[in-house]
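Notes follow the structure.
Protein chains: 2
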Amino acid sequence: MEFFLPHLSTDSSMPLYERLYRAFREAILTGQLAEGEKLPSKRQLADYLSISQTTIETTYHQLVDEGYVLALPRKGYFVQNSTELIRSEPIAQNTQQEITAPSYRYDFHPGKIDLSHFPLDQWRKCARDVLTDRNRELLHLGHPQGDLTLRQQIASYLYQSRGVRCTPEQVIIGSGTEQLLPFLLRLLGDEGVLAIEDPGYSLTHHFSQNSAYRAVPVAVDEEGMQVSLLWETAATAAYITPAHQFPTGAILSASRRNQLLKWASETGGYIIEDDYDSEFRYVGMPIPALQGFDTQDRVIYLSTFSKSLMPSLRIAYTVVPLHLLEMYRARFGHYAATVPRFDQATLTQFMALGYFEKHVNRMRKLYKRKLDLLHKVGEQHREWLHISGDQAGMHVIIDCKTSYTGEQLRTILAEKGIRISALDHYRIDRKAYSSKLLLGFGGIPDEQMEAALQELFQQLSQYHA
Amino acid sequence: MEFFLPHLSTDSSMPLYERLYRAFREAILTGQLAEGEKLPSKRQLADYLSISQTTIETTYHQLVDEGYVLALPRKGYFVQNSTELIRSEPIAQNTQQEITAPSYRYDFHPGKIDLSHFPLDQWRKCARDVLTDRNRELLHLGHPQGDLTLRQQIASYLYQSRGVRCTPEQVIIGSGTEQLLPFLLRLLGDEGVLAIEDPGYSLTHHFSQNSAYRAVPVAVDEEGMQVSLLWETAATAAYITPAHQFPTGAILSASRRNQLLKWASETGGYIIEDDYDSEFRYVGMPIPALQGFDTQDRVIYLSTFSKSLMPSLRIAYTVVPLHLLEMYRARFGHYAATVPRFDQATLTQFMALGYFEKHVNRMRKLYKRKLDLLHKVGEQHREWLHISGDQAGMHVIIDCKTSYTGEQLRTILAEKGIRISALDHYRIDRKAYSSKLLLGFGGIPDEQMEAALQELFQQLSQYHA
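Next comes the structure, spelled out in structure tokens:
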């Protein structure tokens, strides 16, 4: 009696029933075993191959389970209509469609951080310290707001360095500011109006799905957001970067701060204070965070370790007033913290051993040195070059007397291999144009800084009026 | 001439201007320097303290900057109205409001994983391997979908173990399934209807903000979701757990799978296939993922390392059809990946060295042993105890002949120090009640398993009819 003989692979590392299964599957998919065709009887095939009938049974059951074969009681096993089960070949590993970023000679993008000085050996030491059997508990999910020991470090650090007043329970950790913002916005109400700085972070991508919430741009000048305009906007919350306005670098003046707190107090509005690069202030001492002056529980404080440590770590945090904490726990308490616990523990150790403070202090000095160099080199071009927003942070604004717009200059410089951002890129209301550029100094290595600046100003000097 | 003499701290590690600043600030906040009072002239104070006038100037500028003091040209410095600037004392470190979880003698919660066997030493070795100077690039942000090398490992693993066909570019990494889902839902359209399994994961918390999208429950039976009902729902997408239905443990039958693919093909609907614990199948070989049979680019595959590795690592991944990838990159390409790059690299190394595969195989055997023990102990109670959903995964369903509901039994057992979940907890339409319970065996250590089961069944036996 003729029957189909499966072609078995000789791969002895693979169990026999699996080899048998693959042989039948292949035969069915390629049509060698046609639809409706009867499979060999289990006993016959077992005899022929000199293997146990149980092995054949396991194979046939699997084929039935997956729909390749139909079992008809007292009749046998028959190949099913397999057209819906056809599987294509695996797609060849094709990386041609991977996003490739263009490379630049000099990268002045404001988002770049100087990471050549990051103490990787200290970080590795801390990671080793925490990846021990004593810490097996860290394999399990922890507190949804992040582990208490890290929140304690953060609360303590914030009080000493920024004057933020809070307990560790008010701290919530997340995987970056972008990941925390949607939760904060939902805490502020199912509907509302968020005043945002213009120019500033757009944030509008957070609202596209939710038509009940909208963003309203409020103009920024040399004192920061024009707070008096808030009363005209019907805003229920304001998102602001008071310590170093992004992107202009303006520092919110004392009177504007008082005005902002007054607005919040009078209207019941909330203030989301994004303190993103506040560790880096070069003139005098840091302006304390607005949160420390808030007696009405209006301020939600937000910051990140992306600038002060490493962007790829993805740890940011927010401090919410107690009454919002209750709401947060009720609505989002079931979400697990998204920051891996071993990373939380490594950071806790890094802070506890004083490495974080030392690193920030060292980086502040290094960035200050680059800033001083910027001023020195820029001095040579003082007839047409104006520098502002240089009191803090990791970028400044440069302005040249020119008829070209910032976007035009950006494009021209990009063609010369120099990457820089135009201020207009961050405008929300695109009515005004300026020639202002954001010059970040995080992305240029120390030893290249002078040459990079000379080249940049050399290029720009061709375009000033 | 009398003037206010600031009380300087003797902390010599603090710069002089900072000590001076703090002394003035304290005096203003406590009212020692009253509102409107004139500060000492810079020259006078410099003379008196024998310090440079520049130091006094820096201090006074800071006080002006922060709004404590007003500078009136040619008149001097005057204490501002400081009531809005009063800062309270730091809140005492109070951890009393921290969430504390009750403790149980035996925890059968289906979400618990057996982590005592996790090879922490191998993971630590991999972490050490990647935290090197050679990998400094990992401090910067990487590919928004996650690093290519990890996506390559995942694509390869998925093809071999689950029959998923994709290139690494179709893989997107996220911080847990919960973090990825909102992005996937937004890819499927600004509005629509998502069919979800009932009982099943609720997912409705993803829709509360967006009234344009709603979830529709579709009943589950012993073959999984009742797919034929989909045509009645106007669903534009279906979320399904076909390899091991959560929570019933049903495996989607071959005919239901074909039906589901047919539904997607006919209606243009999408299928989100959540393959969450597919590594653990105990009877025969794993049913390949639905994605491998999809020739119409309807299936979005979703899975996680939470069950197979550690929940606290927070790495999950999705595989999207090419045409949705374009849309994903256009809409969300500017979001940085939320998984820390060093963790991505550690996992890549862990997989490349074969540790992941070995670990999963070992865990599969261990869970199978616990399952066998469950059957052995359960056999003693076979008159009233029924076990189902035991072909895969890390939990089974137990049912006793009883008039008590599952929720009632859960409460009774909790009082006895035993934690277990009721199936009804996962019902979306709460019309039906059952006595079914979810028994997870991840949370009970090997050596306690038999005693825990004996205790559990002993307790339950009192309540069967």
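Those sequence lines, one after another, are chains G and F.
Quick note on this note's numbering: the first sequence kicks off at 1 and runs consecutively.
Quick note on this note's numbering: the second sequence kicks off at 466 and runs consecutively.
We treat Cβ as the ideally placed atom computed from N, Cα and C, and that holds for glycine.
Quick caveat: nothing in here was measured; it's all calculated off a predicted structure.
Query                                                                                                           : Result
Chain-ordered chain G contacts of D808/F [CB-CB under 9 Å]                                                      : P340, F342, D343
Between the CA atoms of M310/G and F356/G - distance to the nearest angstrom                                    : 11 Å
Within-8 Å CB hit, A336/G to chain F                                                                            : yes
Any C-beta of chain F under 8 Å from that of M310/G                                                             : yes
Closest by C-alpha distance to T295/G, when choosing among Q145/G, V220/G, R165/G                               : R165/G
Alpha-carbon spacing of T132/G relative to L580/F, whole angstroms                                              : 14 Å
Residue from G654/F, E634/F, V681/F, L645/F with nearest C-alpha to E697/F                                      : V681/F
Residues of the region 365–392 of chain G whose Cβ lies closer than 7 Å to any Cβ of chain F, in chain order    : none
Cβ contact (3+ pairs, closer than 8 Å) linking the region 804–824 of chain F and the region 581–596 of chain F  : yes
Cβ distance (whole Å) where T55/G is taken to contact L8/G below 8 Å                                            : That pair is no contact at about 11 Å.
Rounded separation between P505/F and P480/F - CA only                                                          : 20 Å
Rounded straight-line distance, which links the Cα of Y104/G to that of T614/F                                  : 24 Å
Per-residue burial, L72/G [other beta carbons within 10 Å of its own, 16 or more giving buried]                 : exposed
Option in Q145/G, F457/G, F280/G with minimal Cα separation from G393/G                                         : F280/G
Through-space distance from V804/F to D655/F, alpha-carbon basis                                                : 26 Å
Where H574/F meets chain G, residues with beta-carbon distance less than 7 Å                                    : Ordered by position in chain G, no residue passes the 7 Å Cβ test against H574/F, which lies about 11 Å from the chain.
P555/F versus I287/G: straight-line alpha-carbon distance, rounded                                              : Bear in mind that a pLDDT of 40 at P555/F, under 50, signals an unreliable position, so the number given afterwards is only what the model happens to contain. Approximately 17 Å between the Cα atoms of the pair.
Coarse secondary structure for G843/F, derived from DSSP in three states                                        : helix
Same chain only: Cβ atoms within 7 Å of G933/F, ignoring 5 sequence neighbours per side                         : Past the edges of chain F, shown from 466 to 930, lies residue 933/F, and the structure says nothing about it.
Other residues of its chain near V171/G: CB distance less than 6 Å, five sequence neighbours each side excluded : R151, I154, A155, Y317, V319
Assigned secondary structure, A235/G (DSSP; H/G/I helix, E/B strand, else coil)                                 : coil
Coarse secondary structure for H477/G, derived from DSSP in three states                                        : The requested residue 477/G does not occur in the structure, where chain G is confined to residues 1 to 465.
Distance between E197/G and S547/F (C-alpha atoms, nearest Å)                                                   : Residue placement at S547/F is flagged as unreliable, the pLDDT there being 49, under the threshold of 50; a coordinate-derived value is accordingly withheld.
Segments of 3+ residues assigned as beta strand (DSSP E) that fall wholly inside the region 190–277 of chain G  : 192–198, 213–221, 237–240, 270–274
N- and C-terminal bounds of the beta strand (DSSP E) containing G174/G                                          : 171–174
Inter-residue Cα distance where the pair is K38/G and L45/G                                                     : 13 Å
Closer than 8 Å to chain F by CB, G142/G                                                                        : yes
Cβ-Cβ separation, L437/G to A422/G (assumed contact under 8 Å), whole Å                                         : 6 Å
Per-residue contacts from G36/G into chain F (C-beta, under 9 Å)                                                : Result: empty, since nearest Cβ-Cβ is about 17 Å, beyond 9 Å.
For G440/G, the first and last residue of its enclosing alpha helix (DSSP H)                                    : First-last for G440/G: 437–440, but that is the beta strand (DSSP E), not the alpha helix (DSSP H).
Contact residues within the region 130–141 of chain G, judged by C-beta distance below 7 Å to chain F           : L131, D133, R136, L138, L139, H140, L141
Candidates A238/G, G417/G, P182/G, V227/G, of which the one nearest H205/G by Cα                                : P182/G
Which listed residue (G378/G, G389/G, K42/G) has its alpha carbon closest to that of Y17/G                      : K42/G
Below-8 Å beta-carbon distance, L127/G vs any chain F residue                                                   : The question names Leu, yet the displayed sequence has Ala at residue 127/G. A127/G counts as touching chain F.
The region 631–653 of chain F: positions lying closer than 7 Å to chain G by Cβ                                 : C631, T632, P633, E634, S640, G641, E643, Q644, R651
Buried or exposed (CB count within 10 angstroms, at least 16 for buried), D512/F                                : exposed
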